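S.K.: Next up is a structure, given as structure tokens.
There are 2 protein chains.
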Amino acid sequence: MTVNQAYCLIDALLRRPVRRTPVWMMRQAGRYLPEYRRVREKAGSFMNLCTNPELACEVTLQPLRRYRFDAAILFSDILTVPDAMGLGLHFVEQDGPHFERPLQSAADVRKLPIPDPEIELRYVMDAVRLIKNGLEGRVPLIGFSGSPWTLATYMVEGGSSRDFQKIKGLMYNDAQTTHVLLDKLAQAVTRYLNAQIAAGADAIMLFDTWGGTLSALDYQTFSLSYARAVYEGLNLNAGGDNPVPAILFTKGGGQWLESMAGSGFSALGLDWTTDLAAARLRVGDRVALQGNLDPMVLHAKPEVIRRKVRFTLDQYGRGSGHVFNLGHGILPDVDPDQVQVMVEAVHEFSPEIQG
Amino acid sequence: MTVNQAYCLIDALLRRPVRRTPVWMMRQAGRYLPEYRRVREKAGSFMNLCTNPELACEVTLQPLRRYRFDAAILFSDILTVPDAMGLGLHFVEQDGPHFERPLQSAADVRKLPIPDPEIELRYVMDAVRLIKNGLEGRVPLIGFSGSPWTLATYMVEGGSSRDFQKIKGLMYNDAQTTHVLLDKLAQAVTRYLNAQIAAGADAIMLFDTWGGTLSALDYQTFSLSYARAVYEGLNLNAGGDNPVPAILFTKGGGQWLESMAGSGFSALGLDWTTDLAAARLRVGDRVALQGNLDPMVLHAKPEVIRRKVRFTLDQYGRGSGHVFNLGHGILPDVDPDQVQVMVEAVHEFSPEIQG
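Protein chains in written order, with my numbering: chain G, 2 to 356; chain X, 2 to 356.
Take a look at the structure:
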């Protein structure tokens with residue numbers, strides 16, 4: 002595992018010295034790339050693409066052929082775990098994920114099985130193994146899952162939601178059932194991420210897409226405490242001196258960074274609303290920070306992209322502990338050349354800042 | 002103006018002693034009330050209702066007949082100013098506001114007129130006068146407007162937006178035109194709010210619904226600085242010892258309270274993601290705080306509503322400077338009896354906390 006020493010992403014996530022700031026991009030394997038759209042068309046549906054390890058491997062590797070990214074991220078969906086629990090995930094064009102059998106009662110929650118990742122989610126583990134093989138150690142592979150709270154929102158709402166009426170109804174009126182659900186999800190997500198690590202993932206990331214819809218107290222109770230439970234169950238230290246870094250990203254969680262920084266995770270993802278300099282002061286040396294360019298900047302003129310990249314790097318400032326990323330996933334209509342401008346600007350500016 | 006002395010809302014907004022915590026509710030005149038829906042049906046369209054002073058007055062007063070609220074808020078829309086600038090506001094059922102003539106070029110921005118509120122927005126001022134007359138001094142009247150940034154988003158996008166691609170494209174690629182637009186809007190909003198104050202509004206509120214979609218720096222540059230410009234142009238002190246309090250509400254602005262607290266406004270509105278106790282510590286004695294119950298709590302069981310009201314009051318704690326409110330507008334499908342539970346709980350619990 003000595004190759005790990007060459008991974009600047011891992012070094013930055015563990016706040017070890019780096020010569021430049023590593024860069025990758027949420028949804029870097031995705032619709033903005035014409036080569037992705039061709040594979041997606043061949044697959045027929047998004048779920049076909051996710052569940053076919055060869056195709057998932059192919060689209061994971063695509064952005065690395067174009068850009069000097071410092072990580073691959075497994076091509077998959079945050080909702081594979083609830084699908085494996087029997088809810089029936091499918092995707093409706095322009096309308097996002099839907100579950101055929103959303104949770105409708107406490108009995109539904111009690112009946113939920115905890116999947117064996119090497120059986121029901123075998124297609125993900127096979128993809129991880131294929132990707133690791135395809136990467137040949139050039140860059141690390143990030144595995145991921147949705148957070149227990151975020152999975153719960155989709156499982157109860159049945160899909161995307163504007164106001165989260167059903168899951169909040171459950172949370173406010175029947176906290177006990179909500180905790181049973183979140184506890185099961187924490188167990189399932191822990192097993193799933195551990196299986197990804199065993200299959201070769203070099204870092205993992207927990208996407209808490211909807212934690213930011215909660216009140217400050219409910220965030221602690223229903224989102225962060227279960228993210229922490231996942232963290233505590235992860236096998237991160239099997240590699241001895243090369244632990245697997247774990248990243249926690251709560252979109253809209255900028256107000257809660259102090260408590261997130263105490264959750265055990267090595268790094269926090271930041272959306273673009275958070276001031277990176279202020280965030281660094283707030284979390285101190287407890288965690289690395291990942292982010293946080295507004296994805297909309299990739300629609301701007303190249304000189305604006307370069308200026309905003311420079312600003313983001315300067316905001317974090319000298320010293321390790323920063324991974325450059327967008328503050329959320331890249332939008333499907335971005336011109337791939339714009340991404341090149343961003344990536345090259347990180348490569349150009351950051352050695353001087355770190356040097 | 003001695004009646005002002007009896008307005009506990011005004012006292013709390015100015016951090017003067019109160020015997021109990023005042024309470025009102027964003028969108029308290031609205032679709033959750035059957036008597037509102039009857040008037041709305043009679044009016045034919047939402048814009049007909051907004052532009053008819055008698056009907057606007059009637060729906061403004063309706064919630065005060067049901068609930069022991071401590072304020073009336075003008076029934077109107079945040080987008081009346083751009084409508085008066087010639088953009089042609091209309092509402093599409095289930096799909097929110099639309100402009101017939103959204104801004105599409107720098108030339109469109111330069112041509113924008115600044116409306117005379119007593120001419121182009123006369124219907125609003127007539128409504129304010131009718132409402133003041135109808136209130137007979139029982140409770141104060143809150144006037145309001147959308148913030149310059151929030152108005153700009155709708156004017157450029159043409160309506161509601163998921164990702165604000167057009168306005169952010171303008172902001173990133175042509176900051177100069179964006180500033181011209183925001184400067185005009187700040188002037189127009191200032192005149193509009195001053196006209197509402199002259200017509201009798203006892204407090205005003207600036208709704209910055211979309212400030213929270215910006216990066217920390219862009220929030221300062223494109224939203225807060227123009228909210229401050231509005232504040233600085235307001236005639237708040239014509240009443241001598243009874244200044245008109247001004248409230249700034251940036252949804253999703255919880256990370257930026259310190260700078261908002263230095264903007265001059267008497268009070269800050271908080272959405273439900275902000276910890277009220279932490280917020281009070283952060284802003285000190287610079288501003289009062291208004292909020293911040295999750296609107297979804299009004300779908301919960303009465304005992305949950307009461308517990309959450311108690312928690313919110315306790316979080317703020319002793320001393321003046323808190324106005325109880327939801328963290329965002331009430332949802333249209335809430336049972337009016339649930340609102341009664343919330344309002345009565347504030348009346349029941351807060352004298353003990355303040356006493």
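Think of the CB as a built atom: it goes at the ideal place given N, C-alpha and C, for glycine as much as any other residue. Quantities reported herein were computed from a predicted structural model and do not represent experimental measurements.
Indicate whether LEU269(X) and ASN293(X) have their beta-carbon atoms separated by less than 7 Å.
M.R.: To locate residue 269(X), count along the second sequence from 1; it is residue 268. To locate residue 293(X), count along the second sequence from 1; it is residue 292. Taking 7 Å as the Cβ cut-off, LEU269(X) and ASN293(X) do not qualify as a contacting pair.
S.K.: Shorter than 7 Å from the beta carbon of VAL40(G) to some beta carbon of chain X?
M.R.: Along the first sequence, read from residue 1 onward, the residue named residue 40(G) stands at position 39. No, because no Cβ of chain X sits closer than 7 Å to the Cβ of VAL40(G).
S.K.: How about the segment 148-157 of chain X and the segment 208-221 of chain X: do they share at least three Cβ pairs that are nearer than 8 Å?
M.R.: As far as the Cβ criterion goes, the segment 148-157 of chain X touches the segment 208-221 of chain X, which means the pair count is three or higher.
S.K.: Is it the case that the Cβ atoms of HIS1(X) and GLY170(G) are separated by a distance below 7 Å?
M.R.: Residue 1(X) lies beyond the range of chain X shown here (2 to 356); nothing can be said about it.
S.K.: Of the choices SER46(X), VAL190(X) and PHE350(X), whose alpha-carbon is the least far from that of SER146(X)?
M.R.: In the second sequence, counting from the first residue as 1, residue 146(X) sits at position 145. Among SER46(X), VAL190(X) and PHE350(X), the Cα nearest to that of SER146(X) is on VAL190(X).
S.K.: Note down, in chain order, each residue of its chain lying with its Cβ closer than 6 Å to the Cβ of ILE74(G), except the 5 sequence neighbours on either side.
M.R.: The residue given as residue 74(G) occupies position 73 in the first sequence. Closer than 6 Å at Cβ, skipping near neighbours: ILE143.
S.K.: When the cut-off is 7 Å and only beta carbons count, does ASP336(X) lie next to chain G?
M.R.: On the second sequence, residue 336(X) is found 335 positions in, with the first residue counted as 1. It does not; no Cβ of chain G falls within 7 Å.
S.K.: Would you tell me roughly how many angstroms separate the C-alpha atoms of SER161(G) and ASP84(G), rounded to the nearest one?
M.R.: Locating residue 161(G) in the first sequence gives position 160, where the first residue counts as 1. Locating residue 84(G) in the first sequence gives position 83, where the first residue counts as 1. If I take the Cα positions, the gap works out to 15 Å.
S.K.: Decide yes or no for the touch test of the segment 343-353 of chain G against the segment 42-49 of chain X: beta carbon pairs closer than 8 Å, at least 3 of them.
M.R.: Flag = no, the segment 343-353 of chain G and the segment 42-49 of chain X do not touch.
S.K.: Could you spell out where the alpha helix (DSSP H) holding VAL140(G) opens and where it closes?
M.R.: Within the first sequence, numbered from 1, the residue matching residue 140(G) stands at position 139. Where VAL140(G) is concerned, there is no enclosing alpha helix (DSSP H), given that its DSSP letter is neither H nor E.
S.K.: Using a C-beta cutoff of 7 Å, does LYS167(G) count as contacting chain X?
M.R.: One-based indexing of the first sequence puts residue 167(G) at position 166. No, LYS167(G) does not count as interfacial toward chain X.
S.K.: So, for GLU121(G): in the same chain, excluding its five sequence neighbours on each side, which residues have a beta-carbon less than 7 Å away from its beta-carbon?
M.R.: Position 120 of the first sequence holds residue 121(G). Excluding residues within five positions, the ones whose Cβ falls inside 7 Å are ALA85.
S.K.: Span of the alpha helix (DSSP H) holding GLY234(G)?
M.R.: Here residue 234(G) refers to the residue found at position 233 when the first sequence is read from its first residue. Counting along the chain, the alpha helix (DSSP H) containing GLY234(G) begins and ends at 226-234.
S.K.: Using a Cβ-Cβ distance cut-off of 7 Å, determine whether MET297(X) contacts chain G.
M.R.: On the second sequence, position 296 is the one that residue 297(X) refers to. Judged by the 7 Å Cβ criterion, MET297(X) is in contact with chain G.
S.K.: Measuring only the C-alpha atoms, how far is ASN243(G) from LEU15(G)?
M.R.: Along the first sequence, one-based indexing puts residue 243(G) at 242. Along the first sequence, one-based indexing puts residue 15(G) at 14. The alpha-carbon atoms of ASN243(G) and LEU15(G) are separated by roughly 9 Å.
S.K.: Check whether chain X comes within 7 Å of ASN174(G), counting only Cβ atoms and requiring the distance to be less than that.
M.R.: By one-based count along the first sequence, residue 174(G) stands at place 173. For ASN174(G), the answer is yes, since a Cβ of chain X falls inside 7 Å of its Cβ.
S.K.: What separation, rounded to the nearest whole angstrom, lies between the Cα atoms of MET2(G) and MET172(G)?
M.R.: In the first sequence, the residue the question calls residue 2(G) occupies position 1. In the first sequence, the residue the question calls residue 172(G) occupies position 171. No answer about MET2(G) holds up, because its pLDDT of 38 lies below 50 and its placement is not dependable.
S.K.: Among all the DSSP beta bridges, which residues are the ones paired with ILE306(X)?
M.R.: Residue mapping note: residue 306(X) aligns to position 305 of the second sequence, counting from 1. ILE306(X) is not bridged to any residue.
S.K.: Helix, strand or coil: which one does DSSP assign to TYR325(G)?
M.R.: On the first sequence, residue 325(G) is found 324 positions in, with the first residue counted as 1. It is Phe, not Tyr, that sits at residue 325(G) in the sequence shown. The answer is strand: DSSP assigns PHE325(G) an E or B state.
S.K.: Mind checking whether the beta-carbon of LEU258(G) lies closer than 6 Å to any heavy atom of the ligand NAP?
M.R.: What this structure holds is no ligand at all, so the ligand NAP is not there to describe.
S.K.: Could you pull the DSSP bridge partners for PRO333(X) from this structure?
M.R.: Looking up residue 333(X) in the second sequence gives position 332. According to DSSP, which records beta bridges pairwise, PRO333(X) is partnered with nothing at all.
S.K.: Terminal residues of the continuous alpha helix (DSSP H) containing THR52(X)?
M.R.: For the purposes of this step, residue 52(X) is identified with residue 51 of the second sequence, where counting begins at 1. It spans 47-52 - the alpha helix (DSSP H) in which THR52(X) sits, taken as one unbroken run.
S.K.: Please list the partners that LEU171(X) has in chain G, where partner means a Cβ-to-Cβ separation under 9 Å.
M.R.: As a working mapping, residue 171(X) is identified with position 170 in the second sequence. Under the 9 Å cutoff, chain G gives no residues; its nearest Cβ is about 10 Å from LEU171(X).
S.K.: Using a cut-off of 9 Å between C-beta atoms, extract the partners of GLN29(G) located in chain X.
M.R.: In the first sequence, counting from the first residue as 1, residue 29(G) sits at position 28. The contacting residues do not exist; GLN29(G) stays about 18 Å from chain X at best.
S.K.: Mapping the DSSP letters down to three states, classify THR222(G) as helix, strand or coil.
M.R.: Along the first sequence, read from residue 1 onward, the residue named residue 222(G) stands at position 221. Three-state DSSP puts THR222(G) in a helix.
S.K.: Could you tell me which whole alpha helix (DSSP H) segments of length 4 or greater appear in the segment 247-301 of chain X?
M.R.: Segments of the alpha helix (DSSP H) lying fully in the segment 247-301 of chain X: 258-262 and 277-284.
S.K.: Can you give the Cα-Cα distance for ILE132(X) and ALA202(X), rounded to whole angstroms?
M.R.: Within the second sequence, the letter at position 131 stands for residue 132(X). Within the second sequence, the letter at position 201 stands for residue 202(X). For ILE132(X) and ALA202(X), the distance between alpha carbons rounds to 9 Å.
S.K.: Would a C-beta distance cut-off of 7 Å place ALA247(X) and SER264(X) closer than the cut-off?
M.R.: Here residue 247(X) refers to the residue found at position 246 when the second sequence is read from its first residue. Here residue 264(X) refers to the residue found at position 263 when the second sequence is read from its first residue. No, these two residues do not count as a Cβ contact at 7 Å.
S.K.: ALA73(X) by DSSP, collapsed to three states: which one?
M.R.: Stepping through the second sequence from its first residue, residue 73(X) is reached at position 72. ALA73(X): strand per DSSP, three-state reduction.
S.K.: At a Cβ threshold of 7 Å, is VAL305(X) touching chain G?
M.R.: Residue numbering aside, residue 305(X) sits at position 304 when the second sequence is read from its first letter. So yes, VAL305(X) belongs to the interface.
S.K.: To which residues does DSSP link VAL93(G) through a beta bridge?
M.R.: As a first step, residue 93(G) must be located in the first sequence, where it is residue number 92. Answer is GLY97(G).
S.K.: By the DSSP assignment, the beta strand (DSSP E) with MET206(G) in it spans what residues?
M.R.: In the first sequence, counting from the first residue as 1, residue 206(G) sits at position 205. Residues 204-209.
S.K.: Per DSSP, GLY160(X) is paired with what?
M.R.: Stepping through the second sequence from its first residue, residue 160(X) is reached at position 159. According to DSSP, GLY160(X) bridges with HIS99(X).
S.K.: Considering just the uninterrupted stretch of the alpha helix (DSSP H) at ILE198(G), what are its terminal residues?
M.R.: For the purposes of this step, residue 198(G) is taken as residue 197 along the first sequence, with counting starting at 1. Per DSSP, ILE198(G) belongs to the alpha helix (DSSP H) from 176-200.
S.K.: How many angstroms separate the CA atom of VAL231(X) from the CA atom of GLY240(X)?
M.R.: Translated into the one-based positions of the second sequence, residue 231(X) becomes position 230. Translated into the one-based positions of the second sequence, residue 240(X) becomes position 239. Roughly 19 Å between the two C-alpha positions.
S.K.: Report yes or no: is there a C-beta of chain G within less than 7 Å of the C-beta of GLY263(X)?
M.R.: As a working note, residue 263(X) is residue 262 in the second sequence. Judged by the 7 Å Cβ criterion, GLY263(X) is not in contact with chain G.
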